[in-house]
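Report on one structure; see the data block that follows.
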Amino acid sequence: MTVKAMKSKEVAQKVMNREELFILDVRNEDAFEDWKIEGEKFEYFNIPYFDLLDGVDGIMEKLPEDKDILVVCAKEGSSIMVAEMLSDEGKNVSYLEGGMKAWSEHLEPVKVGELSNGGELYQFVRLGKGCLSYMVVSKGEAAIVDATRMTDIFIDFAKEKGATITNLFDTHLHADHISGGRNIAEATNATYWLPPKDAEEVTFEYAALEDGNKVVIGNTTIEITALYSPGHTIGSTSFVIDEKYLLSGDILFVDSIGRPDLAGKAEDWVADLRESLYKRYKDLSMELTVLPAHFMIIEEINEDGSVGEKLGTLFANNHGLNIESEEEFRKLVSENLPPQPNAYQEIRETNMGKVTPDEEKQREMEIGPNRCAVR
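Quick look at the structure:
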């Protein structure tokens, strides 16, 4: 019997709308525990596909009668077979088209707000990876910050908005996902900006993103002001856009702060991280809305689907911003670290231009959750 495929976009809408969904995940237990589709009202049952080769009779009582059931596996094939067996037993069931690989690559555009003189700011939420990208649109021009390797969505979105992409920025040299900034810049003849302190080993030309840079997008309408804020990497740079929004890269998140160890220099960069958070950010307006490059937990997503919060609120509520003792802060960010991101050294080398993996290899390198934060 043919069963229905559910696309990643449909699942994303259920996450954003806080709808109920029952997920039967047939990957191995370690893969499920490490990384799964998260939703505020989602329920889960995990059993490896190999345990179901003789049939699904043993799990029927564990499945709900009154909820949509989505079967999930790594690439799709196993979930189709399990879904078909469940359908034969009378269950209303779907499978995730493209599996977790497709989920990892889905981007959901969310309008963050209006900018002065008619501009707009959009956030691209990568739910399966916890990555956040941004696009500023103004007077027929567009700038993109922290683009992912799924470049078509950004190029197509700009076309829909009638905008020409003129500038690409990376807040830092990423270690948990492959940047699409350079490829989009090449495809659109745009300028690609990188912090030079992060770019000492890159093999390509770039524009140097330094403290005090101001890049105009549109008809002198929006100024993107770069703010040097090292700590996650030595070159980490934040952006103040339109005096309303602070794009914090991987320095500050809604519920956590950035980790300083992904280039192997945690001890050296802890002081930079603290100075960026406790001094440089403290001097900014508390009314700025912080828009980070990542989120860790589903609870960080706002009602409108965006991820962001006022800087003043974060100074009041984010534990990482309220550690008086420098020694305690050092311990938090050097001893409380999650595992390193999957293939992070290869990802860094890819973003430097030193290696050029094929598309399938890039997918494999990025599989799994982001791990850029400490809580």
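Heads up: the sequence shown begins at 0 in numbering that gives the first Met the number 0, then just goes up one per residue.
All C-beta atoms, glycine included, are put in the ideal place defined by N, C-alpha and C.
Asked, Found
"Alpha helix (DSSP H) segment containing V81, residue limits", "G76 to D87"
"C-beta atoms of F377 and H293 nearer than 8 Å", "The structure shown does not extend to residue 377, since the chain is modelled only from 0 to 374, so the question has no answer here."
"Opening and closing residue of the beta strand (DSSP E) in which N166 lies", "T163 to F168"
"Residue ranges of each alpha helix (DSSP H) within the segment 91-177, 4 or longer", "98-104 and 150-159"
"Beta strand (DSSP E) runs wholly inside the segment 30-68, at least 3 long, in chain order", "41-45"
"Entirely enclosed beta strand (DSSP E) segments - the segment 183-239, minimum 3 residues", "190-193, 213-216 and 221-227"
"Straight-line gap, E325 to S333 (C-alpha atoms, nearest Å)", "12 Å"
"Cβ-based neighbour list, W192, same chain, cut-off 6 Å, excluding 5 preceding and 5 following", "F168, A206 and L208"
"When K196, A162 and I233 are compared against I216, the one with the closest alpha-carbon", "A162"
"Residues that DSSP places opposite I322 in a beta bridge", "The partner list for I322 (beta bridge, DSSP) is empty, contrary to what the question assumes."
"Beta-carbon proximity check, V144 vs G118, cutoff 8 Å", "no"
"Buried/exposed call for Q12, threshold 16 Cβ in 10 Å", "exposed"
"Under the three-state DSSP convention, the category F294 falls into", "coil"
"G411 - DSSP class collapsed to helix/strand/coil", "There is no way to answer for residue 411, as the model of the chain reaches only from 0 to 374."
"Per DSSP, cross-strand counterpart(s) of D24", "N45 and V71"
"Rounded C-alpha distance that separates I177 from T147", "6 Å"
"Bridge partners - G248, DSSP secondary structure assignment", "P291"
"Nearest residue (CA-CA) to L114, options E242, Y48, A142 and V201", "E242"
"Where I346 falls: helix, strand or coil (DSSP)", "helix"
"Identity of the residues DSSP links to K309 by a beta bridge", "T288"
"Sub-8 Å separation of S255 and M295 beta-carbons", "yes"
"Span separating the alpha-carbon of M364 from that of S103", "11 Å"
"Cα-Cα separation between K196 and K330, rounded to whole angstroms", "26 Å"
"Distance between M351 and E200 (C-alpha atoms, nearest Å)", "6 Å"
"Burial state of T349, where buried means 16 or more other Cβ atoms lie within 10 Å", "buried"
"Helix, strand or coil at K360 according to DSSP, with G and I counted as helix", "helix"
"Inter-residue spacing [alpha-carbon to alpha-carbon] between L261 and G179", "Residue confidence for L261 is low, a pLDDT of 49 falling below 50, so the modelled location carries little weight; the figure read from the coordinates is stated next. Taking the straight line joining both Cα atoms gives about 20 Å."
"Alpha-carbon spacing of Y133 relative to G211, whole angstroms", "20 Å"
"Cβ neighbour criterion (16 or more within 10 Å) applied to L52", "exposed"
"Bridge-paired residues (DSSP) for M5", "L95"
"Between the CA atoms of M99 and A4 - distance to the nearest angstrom", "13 Å"
"Closest Cα partner of V71 within the set F314, N27, P108 and E88", "N27"
"Residues bridged to I300 (per DSSP)", "V306"
"Contacting residues, own chain, Cβ-Cβ under 6 Å from F314 (five flanking each side not counted)", "L320"
"A146 CB to nearest heavy atom of the ligand NAD below 7 Å", "The ligand content of the structure shown is nil, which means the ligand NAD is not present either."
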